[in-house]
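Here is the structure we will look at.
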Amino acid sequence: MKRRTLLLVSSALAFLILPTLVSVALARGHLVSAEQYLLRAKGNLKAFDLPAAESDLKAADASLRRGERLVDSPINFGGLLVPIVSENLTVLRAIADSSGEAIAAGQSAIAVLNAFPRQEGRLVAPWREGAVNLEPFRHLEAETSFMRSRVEAAAARMSNTSPDLLLPAMSRARSRLTSELVVARAQARAATGAAFLIPRMLGDEGARRWIIGAENIAELRGRGGYVGSFGVLETTKGRMALGDFVPVADLPALSSELRRNPDVPPEYREHYAEIGGLDAWPNLFMSPSFPSGASLFARQLKNQVGISSDGVISIDPIGLSYLMEVTGPVTVEGFPEPLTSENVVEWSLSRLYSDLEQDQDARREQSSKIAEAVWRQLTTARSLDSRKLSEAFGRALAERRMVLWSKESREQSEIEKLGIGGTISQSPGDYLMLVSQNFGENKLDYYLERSIELTGRIRSDGSLLAETKVTVTNTASTDVDLPGAVGGERPRLDLASGTARSFLKLFVHQNAVLTEVLKDGEPTTDFENSPELGKRRFAVYAEVAPRETQEFRFRYLVPDILDEEGYDLTVQSQSTVRPDRLRVDLELPAGARLSPSGTQRIQWSEALTADKTLHASIDRTVPMRIAGIAAGLGSSQLWLALGLGVVLTLVGISLRFRLSNREIP
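In structure tokens:
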């Protein structure tokens, strides 16, 4: 009796799903073709070959429409009634919808790029001799907003689908498209933000004044280096005028009234005032939140020096080197050779100190001239490669080598959305950031290397038992005497020659509970544990002699870190001479696996050149899934599921050698 029932159920299921499987098999070729055309269009857009990109998008649209007709065919109705088949059809429909949105976004991108002038088939910068033609930008806000809305719609459509019960090919297709849309969404947001910010920052709606700060990352502050010099950039209707750069050492001492000012950001009152954060101009950037330091700096310039501004733009020597790859070499009076993208970092952070070891004032003047020369070359160049310049700015901003703050709230909101404002991420999930403040009054951060290792175990209740190991190595030579300003003895600080002293701060999830801190393998109580900027902060002092290493281990518990989608980790970086080395190795709970790899460990390792986000999709094991599904089914539903399994197996065998090996896009 049971055998006859199973046969009947299997036959009924075959009648329902076989037409669907045939329809999907036929549709797949068209969807694969659409995917290939979309990828070609993406490459041609990147190469600014707009006619080719437009042709590819038309071909993609034609293939997609043919595939959609098959996906929406009435013969698929039976498959929609069957579990598993229904889930896969739903995702296939979502893939088709998202692809359509991507085509619309691509067409909008072509319209955006067509607004800019071209010469011999290449985009050219819309400026000449310090003036930017803002006309192309004035009409882009609506177009880029439409493009962004299409990409956002595509991403939302995919995020509303479930990764459960998908066939392997469909699961990979969903994962692949979701990953592509993450990148596309970031690019669309960047385009929208640029269309909004560029004309406003360049004075299209009225004259603007920007403080341009030059960071020295051989002596760290906040998320980067201390601002050693600055200039003022004035913009009016696209025209730019750059003033002379001056060392901050030439400014009057900070007013003592600053400590009593109610507008001082809270982290300065709670943490940094007591360690000199309000005592010197460079220390105003001690906070890892750039808007806090930039607003303080701009306010004090206005109050004490009379220099008013609309915002602050700060850049370090590595960021300058990226711009110089486009502007070319600059000649600076007093330097024995032209400064280039290859030598500007070494001159700024090392050679200047050895060449002018005995003349501190001359060294400060020469240092300020470096940044001024690069910015002046940039703002007065007759012509520049638009594509290369946008890539140089993009790289500098992405790596936090360049960072912006505007006192105008809507502009600042766009800056923060783009991730170029040096703010502290408040994204959900786990968090990690290492920040070092130089406490040796020297330039030894030029020689420091750091590594960050997050290891631990995610427990079945969703909490994380974590250990973050921070290692600091001083690579300064013991055979060569460093210039006094770089690494000389500091008797007042009881600091030997060549020894680096840093105030290390590890920012983690706000709900983290610290259990233990080890210094070079031994437990220590000499640390700080406090909230700051929406995070939990563990802080220690590190002191590292030349050719030596110091290690700290922070052990803590983060509750409820695992959600239904999996594990997310945001890692934010500090702009250092040598990027931090990051390694993550987390063990999953018993019965959980990474999707789609099937492993039980989250592992990640790379140089931390910019802020990073890790997402790990976590699935239960197949036996656990089957057990869970069976537990939720009644007896009749269980027989239906068993029958479906038999049918799918038989159909899979029969079609195995008939269908193409290509996957659904």
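Mind the numbering: the sequence shown is residues 168 to 832 in the numbering used here, read in order. For glycine and all other residues, C-beta sits at the position ideal for the given N, C-alpha and C.
Using three-state DSSP, classify V653 as helix, strand or coil. Here residue 653 corresponds to residue number 486 of the sequence shown, with the count starting at 1. Note: V653 maps to helix in three-state DSSP.
Span separating the alpha-carbon of N281 from that of A783: As a working mapping, residue 281 is identified with position 114 in the sequence shown. As a working mapping, residue 783 is identified with position 616 in the sequence shown. Inter-residue distance for N281 and A783 is about 39 Å (C-alpha atoms, whole angstroms).
Here's a check: name, in chain order, each residue in its chain whose Cβ is nearer than 8 Å to the Cβ of Q467, leaving out the five neighbours to either side. Taking the sequence shown and counting its residues from 1, the one referred to as residue 467 is at position 300. The answer, listed in chain order, is L421, S422, L425, W448, L451.
Measuring alpha carbon to alpha carbon, tell me which residue in F313, A361, D727 is nearest G629. By 1-based counting over the sequence shown, the position of residue 629 is 462. Of the candidates F313, A361, D727, the residue whose Cα lies closest to the Cα of G629 is D727.
Check whether the segment 340–349 and the segment 575–592 touch, using three or more Cβ-Cβ pairs below 8 Å as the test. No, they do not touch.
Could you tell me which of A269, A774, L545, V493 sits nearest to A408, measuring between CA atoms? In the sequence shown, counting from the first residue as 1, residue 408 sits at position 241. Nearest C-alpha to A408: L545.
Those residues which DSSP pairs with G478 across a bridge: The sequence position of residue 478 within the sequence shown is 311, counting from 1. Under the DSSP definition of a beta bridge, G478 partners with W377, S573.
Rounded distance between the beta-carbons of I785 and L761, thought under 8 Å: For the purposes of this step, residue 761 is taken as residue 594 along the sequence shown, with counting starting at 1. For the purposes of this step, residue 785 is taken as residue 618 along the sequence shown, with counting starting at 1. Taking a contact as a CB-CB distance under 8 Å, the pair L761 and I785 counts as one, their CB atoms being some 6 Å apart.
Extent of the continuous alpha helix (DSSP H) run through L556: Locating residue 556 in the sequence shown gives position 389, counting from the first residue. Annotation for L556: the continuous alpha helix (DSSP H) segment containing it runs 553–565.
Spatial distance of N383 from S230 (CA atoms): Within the sequence shown, residue 383 is the residue found at index 216, counting from 1. Within the sequence shown, residue 230 is the residue found at index 63, counting from 1. For N383 and S230, the distance between alpha carbons rounds to 54 Å.
Proximity below 9 Å, CB of L685 to CB of R722: Numbered from 1 along the sequence shown, position 518 holds the residue referred to as residue 685. Numbered from 1 along the sequence shown, position 555 holds the residue referred to as residue 722. Result yes, Cβ atoms of L685 and R722 sit closer than 9 Å.
Taking C-alpha atoms, which residue in E372, G395, Q593, F719 lies nearest to P690? Taking the first residue of the sequence shown as 1, we reach residue 690 at position 523. It is F719 whose Cα lies nearest to the Cα of P690.
Does the distance from the CB of G654 to the CB of P713 come in under 9 Å? Residue mapping note: residue 654 aligns to position 487 of the sequence shown, counting from 1. Residue mapping note: residue 713 aligns to position 546 of the sequence shown, counting from 1. One thing to note: G654 has its Cβ within 9 Å of the Cβ of P713.
Within the same chain, show all residues whose beta-carbon is closer than 7 Å to that of N696, passing over the 5 residues directly before and after it, in chain order. Here residue 696 refers to the residue found at position 529 when the sequence shown is read from its first residue. Contacts found: L681, F705.
Residue ranges of each alpha helix (DSSP H) within the segment 511–553, 4 or longer: Counting only runs of 4 or more, we get 519–522, 527–547.
What is the DSSP secondary structure of I270, reduced to helix, strand or coil? Residue 270 sits at position 103 when you count from the first residue of the sequence shown. Secondary structure of I270 (DSSP, three-state): helix.
C-beta contact flag for A227 and S265 at 9 Å: Stepping through the sequence shown from its first residue, residue 227 is reached at position 60. Stepping through the sequence shown from its first residue, residue 265 is reached at position 98. Contact: no.
Please determine, among L673, M453, P419, the residue with the shortest C-alpha to C-alpha distance to Y435. By 1-based counting over the sequence shown, the position of residue 435 is 268. Looking only at L673, M453, P419, the smallest Cα-Cα distance to Y435 is reached by M453.
I'd like to check one pair, T635 with E620: are the Cβ atoms closer than 9 Å? By one-based count along the sequence shown, residue 620 stands at place 453. By one-based count along the sequence shown, residue 635 stands at place 468. Yes, these two residues count as a Cβ contact at 9 Å.
Do the segment 374–389 and the segment 257–274 make contact, defined as three or more Cβ pairs closer than 8 Å? They do not touch, by the three-pair rule.
Please confirm whether D477 and W542 have their CB atoms less than 9 Å apart. Position 310 of the sequence shown, counted from the start, is the residue given in the question as residue 477. Position 375 of the sequence shown, counted from the start, is the residue given in the question as residue 542. Remark: C-beta atoms of D477 and W542 do not approach each other more closely than 9 Å.
Please check the pair Y613 and L516, which I expect to be a contact at CB under 8 Å, by giving their CB distance rounded to whole angstroms. On the sequence shown, residue 613 is found 446 positions in, with the first residue counted as 1. On the sequence shown, residue 516 is found 349 positions in, with the first residue counted as 1. Yes, Y613 and L516 are in contact; Cβ-Cβ is about 5 Å, under 8 Å.
Which residues mark the beginning and the end of the beta strand (DSSP E) in which T682 is found? Your numbering for residue 682 matches position 515 in the sequence shown. DSSP places T682 inside the beta strand (DSSP E), whose first and last residues are 680–686.
Determine whether the beta carbon atoms of F670 and A709 lie at a separation below 9 Å. Within the sequence shown, numbered from 1, the residue matching residue 670 stands at position 503. Within the sequence shown, numbered from 1, the residue matching residue 709 stands at position 542. A709 is positioned such that its CB atom lies closer than 9 Å to that of F670.
Pull up the distance between the alpha-carbon of I793 and that of I482, whole angstroms please. In the sequence shown, residue 793 corresponds to position 626, counting from 1. In the sequence shown, residue 482 corresponds to position 315, counting from 1. Reliability fails at I793, whose pLDDT of 43 lies under 50, so the model's placement of it is uncertain and no value is given.
Status (buried if at least 16 other CB within 10 Å, exposed otherwise) for A461: Here residue 461 refers to the residue found at position 294 when the sequence shown is read from its first residue. Buried, by the Cβ-count rule.
8 Å Cβ shell around P658 - same chain, five flanking residues per side excluded: Position 491 of the sequence shown, counted from the start, is the residue given in the question as residue 658. The beta carbon of P658 lies closer than 8 Å to none in the same chain, with the five residues before and after it left out.
Once the 5 residues before and after I480 are set aside, which same chain residues still bring their CB inside 6 Å of it? Here residue 480 corresponds to residue number 313 of the sequence shown, with the count starting at 1. Around I480: W377, I379, L571.
Just mark L198 as buried or exposed, buried being the case when its beta carbon has 16 or more other beta carbons within 10 Å. Position 31 of the sequence shown, counting from 1, holds the residue named residue 198. With at least 16 other beta carbons inside 10 angstroms of its own, L198 counts as buried.
Assuming E634 is part of the beta strand (DSSP E), what are its boundary residues? What you label residue 634 is simply residue 467 of the sequence shown in a count that begins at 1. 631–641 is the extent of the beta strand (DSSP E) around E634.
Quick one: what does DSSP say P698 is sitting in, helix, strand or coil? Residue mapping note: residue 698 aligns to position 531 of the sequence shown, counting from 1. Strand at P698.
Within a Cβ cutoff of 6 Å, which residues of the same chain sit near E524, ignoring the five residues on either side of it in sequence? In the sequence shown, residue 524 corresponds to position 357, counting from 1. Same-chain partners within the cutoff: P650.
Report the three-state DSSP secondary structure of R356 (helix, strand or coil). As a working mapping, residue 356 is identified with position 189 in the sequence shown. In this structure, DSSP gives R356 a helical state, which the three-state scheme calls helix.
Nonlocal neighbours in the same chain, by C-beta distance under 8 Å from D371, ignoring five residues either side: Here residue 371 refers to the residue found at position 204 of the sequence shown. So the list reads L301, F304, R305, K404, G405, once near-sequence residues are dropped.
DSSP on E434, reduced to helix/strand/coil? Against the sequence shown, residue 434 aligns to sequence position 267. Of the three classes helix, strand and coil, the one that applies to E434 here is helix, per DSSP.
Chain-order list of residues whose beta-carbon lies under 6 Å from that of A540 (same chain, five-residue window excluded): As a first step, residue 540 must be located in the sequence shown, where it is residue number 373. Result list for A540: V497, V499, in chain order.
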